[in-house]
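Residue numbers (the working numbering), protein chains in the order written: chain A, 12 to 788; chain B, 12 to 788.
Below is one structure, written out as structure tokens; the observations come after it.
Protein chains: 2
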Amino acid sequence: MEDIQLKESEYKSDDPVRFKDGSEDSTMSPRCKVFLLAVVCVVFGLVVGVLIGFFSRSGGRASEEAGFEGLLTEGESWVPEALMSEVDPARIEGYLRKLTEKPHLAGTEGSYALAEYVRQTWLEQGLDTAHVAPYHVLLSYPDPDKPSYVALLDSNDDEVFRTAPREPSLDLDPPANISSVVPPFAAYSPSGIVEGDLVYVNYGRTSDFTRLETMNITVAGKIIIARYGKTARGRKLRRCQVRGAIGLIVYSDPADTVGTGPEASGRPVYPEGWFGPGTAVQRGHYLYTGGGQGEPLTPGYPAKDYMFRLNESESEPLPTIPAYPIGYNDAWHLLSAMGGPDAPSSWRGGLNITYRLGPGLQASGRARKVRLNVNVNRQVRPIHNVIGVIRGRVEPDRYVLLGNHRDAWNLGGVDPSSGTSSFLEVSHAFGAMVKRGWRPRRSLVFCSWDAEEYGVHGSFEWVEDFGKILTERAVAYLNVDMAVRATYSLRGRASPQLAPALLEAAKKVPWPVSAPEGKTMYDVWRKRTPEVEGDPDTKPRVDLPRSGSDFTPFVHRIGIPSIDLAFFQDTSMGIWDYPLYHTAYATFHLQKKIIDPDFVFHRAMSQLWAETARSLADSLILPFRLSEYGAVFGGMLADLESRYGSQLAARGISLDSLTSAVNNFTTVVETFDAEVAGAKITDPFVARMYNDQLMQLERAFIDPQGIPGRKFYRHTIMASRLYSSATFPALGDAIYLAVNNNGDTEGAWRNVQKQLSIITFTIQSAANTLIAIDLTS
Amino acid sequence: MEDIQLKESEYKSDDPVRFKDGSEDSTMSPRCKVFLLAVVCVVFGLVVGVLIGFFSRSGGRASEEAGFEGLLTEGESWVPEALMSEVDPARIEGYLRKLTEKPHLAGTEGSYALAEYVRQTWLEQGLDTAHVAPYHVLLSYPDPDKPSYVALLDSNDDEVFRTAPREPSLDLDPPANISSVVPPFAAYSPSGIVEGDLVYVNYGRTSDFTRLETMNITVAGKIIIARYGKTARGRKLRRCQVRGAIGLIVYSDPADTVGTGPEASGRPVYPEGWFGPGTAVQRGHYLYTGGGQGEPLTPGYPAKDYMFRLNESESEPLPTIPAYPIGYNDAWHLLSAMGGPDAPSSWRGGLNITYRLGPGLQASGRARKVRLNVNVNRQVRPIHNVIGVIRGRVEPDRYVLLGNHRDAWNLGGVDPSSGTSSFLEVSHAFGAMVKRGWRPRRSLVFCSWDAEEYGVHGSFEWVEDFGKILTERAVAYLNVDMAVRATYSLRGRASPQLAPALLEAAKKVPWPVSAPEGKTMYDVWRKRTPEVEGDPDTKPRVDLPRSGSDFTPFVHRIGIPSIDLAFFQDTSMGIWDYPLYHTAYATFHLQKKIIDPDFVFHRAMSQLWAETARSLADSLILPFRLSEYGAVFGGMLADLESRYGSQLAARGISLDSLTSAVNNFTTVVETFDAEVAGAKITDPFVARMYNDQLMQLERAFIDPQGIPGRKFYRHTIMASRLYSSATFPALGDAIYLAVNNNGDTEGAWRNVQKQLSIITFTIQSAANTLIAIDLTS
């Protein structure tokens, strides 16, 4: 083009230039006309050229901007549907069949083999990385050569009755190798043989022991028999231990595994039905975990191979008296032989006998005393968590974690392999999306935990190991343990700010079978497990994630907002632990023939879990609603006032500071939620600032000094209460102790004032994280 | 333009179209020529148009991109010079004159008045906000009606000598109201009158007491006299207390305030010179702060008005035996009267007497015993920090904090008002830049602390109050306490990763007077205080910020990398504390006539402080060099091996795990530094990720469980060592205790193994924060 030069003077034309209206400018000379033509042509060229130039550049810019704007986009709208469509119940069934083939007890080959299986599966599914994270933890196993048992002895110390060494095998379809399951035992029990009188303590709660005391029945020097339920195994045992008992037998009462009332007798027990047969025995660990630690020998630090270990005698959670669990067939022999006064009516279980308190046996029987023979060994062994990652597209250093434990007391038909099979399908679905070119904004971290059954060790050690990184980067932790124990309703537990995201996801997931309550998970959940009983507009009930599975270290040690999900039974039956919990009968058969034959509840769990995780990982601004926390505090404060207001007032203790802090917090979180919801995000740093504040609020509830007497329980709101059943935990406990004090009353009330000021500060401090760059409060 | 339509058929021309070479295409018809003309014109227009269109858009794009690119720019290059040019020594002099007019002891009107003055000054200087942050803390004051004193009593208990109640006023130019200064006292001492025999304990170190024990001189039941220096007041007192002494007198020996050697006699004392006269008395607090807490009654929580307070008897840091400080004129009367064996030669101070150990006085004198009469009251009073903010332009939620305490024992001529006057000039300079339209990338936070002299209370309480926010957001804390106590060299203390930024700034700041060592701060500093003695290429010496001023809570409680700066004397004189430290003679006169008459060292301090802060606040990527930490660990490990290697080996304790962790850490930080240095940053989230990692590394050294026995000392690297003088603090102390153990040897060596594994894990955990998104280690 540069070779062409135009000289105006050389252009000549005789033709008139016509305008579009057809008129002719006859006064123009031909030269003039040619000139005008040239001008018009140049102008035309210019116009078109400018447009071409402008938009060619504009087009380039648009694509370049996409790189920048891609940093500030919401997740793509087709993804939720596509992700959930990937979930296939047949594949879940296949996973569960594989997982339940053999036992996978922590610290054994079975669990390690599944760790490798999970790792390989994740890599095949398309995760970016998957690796094994091992720790060396104290575990506990029955002595293979010396079975434990309980026996009744006659006056010659001959055994006139002995309990069964394990649950009998059954003829099942599909078959299951029940005899390969570890025999019943109380994990971490010391070995020992004790003999003596029996005392029955109902569930072994503090209130049960108190009631025994009022009846002048002493437990010191006695062997205690308690029924499972209402309180943790380790706490039952600790209460016996501190009162001087010499051993503990725990049994599953039919009242708690078949239920009570007229319908109970018609309820089918395994292998025909879901309820508990008399041969079933609940395994479990008997650590006292009230201090909030995981593995017993490395409190506060990860159980790496080089880590210093306490001697067992120095470890606070380890029990010092032998314990052993039995089923109700065997318990019948012990309980029916007991003497002493009749048990209070509320202590009577479902056996067709007269429940008596002891101590000792009826003089009319042959048996004179009880022998408890326990042979259990503690060993430090390797355990294997598996960690898989899909890296985030924009913010790889923000993690949405999903976790489930892998180890099982049995073949794992429910606990945890119903969760694990759902989990493998969640990872499959995300992997399939990655193969289609999609990536979440933030990283997804998949965690397959080992040794949960022994006291949440796998996740505790990993959180201790990676606590600094997780504190800085973890957005949320989503746990599923027993995905499907029943199919009545959902039990959802969530940190308050996460509940709205969970409920939104539940609106997208279909309830897997036809139900009169509605079509979605949300519909059925809110009708069957309402937040507000009797309110037609109620939301589903969402509880706080206090303790009970692998979310515990996330919530209590480092303050990661967490969710825990499970399909649950109708608890109006009076059954809380599902009847086959930790027994040898939790088989594939149990799912395939009894609970979820088509695996559609498993599918629904995978869908809900995946979509909740996706929304947390893919939203530009985290879908947290902090004002939910304000409502929780308001409820705790109202509870405090109604329960203890007059007693506090009588001591001259004012709740004004706490009320003011709660009100201020509520205003601050509501203002913050509104600001975030209304913000038009055009600056990546603003997006990050909001998200950091949303994410970090939970950390503000972690007190590094811990809850009084429990230094590893650090979450000032979520800690389980030792004494009081509601309100702010440390404060509630302090008031309970002050009100029920018979010693240092002045000190106990001073402690109330201390805990009141600490929780006031903590709430104010949390509000401060949301306001103002300029560090005012 | 759209009105014009051109019809090709209407264009005709007889003129040939000429090309620039002049050749004529004579074969063309006129119509054809006109057509060709039109084409050429259109093409011309197109070309020009495309260019116009392209570049018009391009121009637009450049300005729009500036908005985005402004998020990823380095600080503007004109700023360092302009910022430092704002610093004016005359204005600093004016500030210091104002600050030293009246006493400003914590908890008094004088300190509150200056808090308001600082707040107003900051607002006038152009800071965005400035507010007062009050706390209610336990302070301590001499009883105004009952002076404290030490007396010598004769056999009738009549006083034959009594110490001076305060330093005498002096005729000064400029004048100073010395009599308005609080009389000498030992803050937090209990009141009480004790009488008895004197024992001299040199500096009152553990080794001094041990030496006394070897000479069979007991301190139980005695009044102790110790000289100031070498160890903290509170520790001297604690050592007396635990050994059963009944009182403590501490005096300033001329050996430590005038120095020793032949030159000492020629050194001018105040008001002629810098050295200490016999009337000067060092005030100070006598808290035992070895536990790492601030205010004594609210450990771990901010001393808000509603906060629960311990009873004084429950507070671990409060002393329980009376103490009182005196000058060497008065001490002469006591020491020269003492009996007992001669003190070891290294215990002899600079008084022209025979130093004797006691117990008791010489029989030849009139005096029979000593009376210590202390009248000091503890009171909870409000204190007032002032917090000012210049909000960041891009990342307002990242803070570079600058701090200095404001309260003084005296008129504050050195401690802290030389720092405060420099500080007000730093804020002036930044404010002036803001008025010129500049803003740093990150926020600058200016902190004027109260009650530092009482045990670092103001900053401790604020850090306890805002710990969650600061943990998440604080980049660094830059402290200056006594800016100019002398003008020989700089003493720089810095967290290792901050040292390079400090040294870079020091290269930009001129040494304020002509010096043979060079022109810049860096030049003179490295020659006079070299890192490596005798190495001509040495860098300046930078120490670790262990303790001693308001950086303590930042470093030890929450792990904020910190810097502390001071102009210092030549310590080869044998004087460490500057001679008039905490005496009534630290006046404006001291600066104007003796130390820094032209305030050019003050100017240099402001410049260094400001430029260091600017570089941290304005750099796109934080100018941290993490590999400096690797070198520190390498040094500590080498020290450990050379000091204790054989003893550890003899116990079968291997350092392999620790060595491996240190080597791995070193590799990781070097790789990370190189990666960051080589990165071309085009993504805001990548910038933020790098910066978060750089910033958060220090947090990884915080162990929420604390150092053994000192739960509020949480920094596993920086904690001051109780026993051992080098290497990793908790491990070093554990080894010292094991090696010097005469009790539970097995337990002591087990503790060594425990501390070894904890520090190993901590270092590994810190390395983990830098590697990998996928949570491998």
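Quick reminder that beta carbons are idealized off the backbone N, C-alpha and C, glycines included.
- In this structure, His439(A) and Glu97(A) form a Cβ contact; the two beta carbons are roughly 7 Å apart against a cut-off of 8 Å.
- Distances from the CA of Ala117(B) to each of Ala741(B), Val467(B), Phe644(B) were compared; the closest alpha carbon is that of Val467(B).
- Residues of the region 664 to 693 of chain B with a C-beta atom less than 7 Å from some C-beta of chain A are Ser668, listed in chain order.
- Per DSSP, the unbroken alpha helix (DSSP H) holding Thr221(A) starts and ends at 217 to 225.
- For Gln390(A), the uninterrupted beta strand (DSSP E) segment begins and ends at 387 to 401.
- Per DSSP, the unbroken beta strand (DSSP E) holding Ile260(B) starts and ends at 258 to 262.
- Judged by DSSP in its simplified three-state form, Tyr299(B) adopts coil rather than helix or strand.
- The alpha helix (DSSP H) runs lying completely inside the region 142 to 182 of chain B and spanning 4 residues or more number zero.
- Neighbours of Gly311(B) in chain A, taken as residues at a C-beta separation under 7 Å, are given in chain order as Gln716.
- Here the region 246 to 256 of chain B does not lie against the region 266 to 285 of chain B, with fewer than 3 beta-carbon pairs under 8 Å apart.
- Under DSSP, Lys380(B) takes part in a beta bridge, and its partners are Leu164(B).
- In the structure shown, the three-state DSSP call for Phe739(B) is coil.
- At a cut-off of 8 Å between C-beta atoms, Thr771(B) counts as an interface residue with respect to chain A.
- Shown here, Leu422(B) sits in coil according to DSSP, grouped into three states, outside any helix or strand.
- Residues of chain A whose Cβ lies closer than 7 Å to the Cβ of Asp561(B) do not exist, since the nearest Cβ in that chain is about 15 Å away.
- Taking 8 Å as the upper bound for CB-CB distance, Leu183(A) and Pro282(A) are in contact here, some 6 Å apart.
- For Ala487(B), the uninterrupted beta strand (DSSP E) run begins and ends at 485 to 495, by DSSP.
- Judged by beta-carbon spacing, Val520(A) lies within the 8 Å limit of Gln618(A), meaning their Cβ atoms are closer than that value.
- When C-alpha distances from Pro186(A) are compared across Thr598(A), Thr140(A), Val381(A), the shortest belongs to Thr598(A).
- For the pair Val161(A) and Phe676(B), the Cα-to-Cα distance works out to about 54 Å.
- Shown here for Val193(B): same chain residues with a beta carbon closer than 6 Å to its own, the five before and five after excluded, namely Leu116 in chain order.
- Between Tyr297(A) and Ala334(A) a beta carbon distance of about 5 Å is seen, short of the 8 Å cut, so the two are scored as contacting.
- Buried is the label assigned to Lys233(B), since at least 16 other Cβ atoms lie within 10 Å of its Cβ.
- Proximity of the region 440 to 456 of chain B to the region 390 to 409 of chain B meets the contact definition, three or more beta-carbon pairs being nearer than 8 Å.
- For the pair Asp169(A) and Leu383(A), the Cα-to-Cα distance works out to about 13 Å.
- The straight-line gap separating the alpha-carbon atoms of Pro114(B) and Ser122(B) is approximately 8 Å.
- Excluding residues up to 5 positions away in sequence, Leu637, Ser638, Tyr640, Gly641, Leu781 lie with their Cβ nearer than 7 Å to the Cβ of Val680(A) in the same chain.
- With respect to chain A, the C-beta atom of Asp588(B) has no partner C-beta closer than 8 Å.
- Residue-level contact check: Lys157(A) does not touch chain B, since none of the beta carbons of chain B fall below 8 Å from its beta carbon.
- With three or more CB-CB distances shorter than 8 Å, the region 342 to 352 of chain B counts as touching the region 367 to 375 of chain B.
- Among the residues of chain A, none has a CB under 7 Å from the CB of Glu85(B); the nearest is roughly 16 Å distant.
- Here Ser560(B) has His416, Glu463, Val467, Asn490, Asp492, Asp575 as same chain residues with Cβ atoms under 8 Å from its own Cβ, once five neighbours each way along the sequence are excluded.
- It is roughly 21 Å from the alpha-carbon of Ala378(B) to the alpha-carbon of Thr229(B).
- Contact between the region 140 to 152 of chain B and the region 391 to 403 of chain B is present, with at least three C-beta pairs closer than 8 Å.
- Taking C-beta atoms as the reference points, Ser202(B) and Val381(B) fail to come closer than 8 Å.
- Residue pairing by DSSP places Leu455(A) opposite Ile401(A), Val411(A) in a beta bridge.
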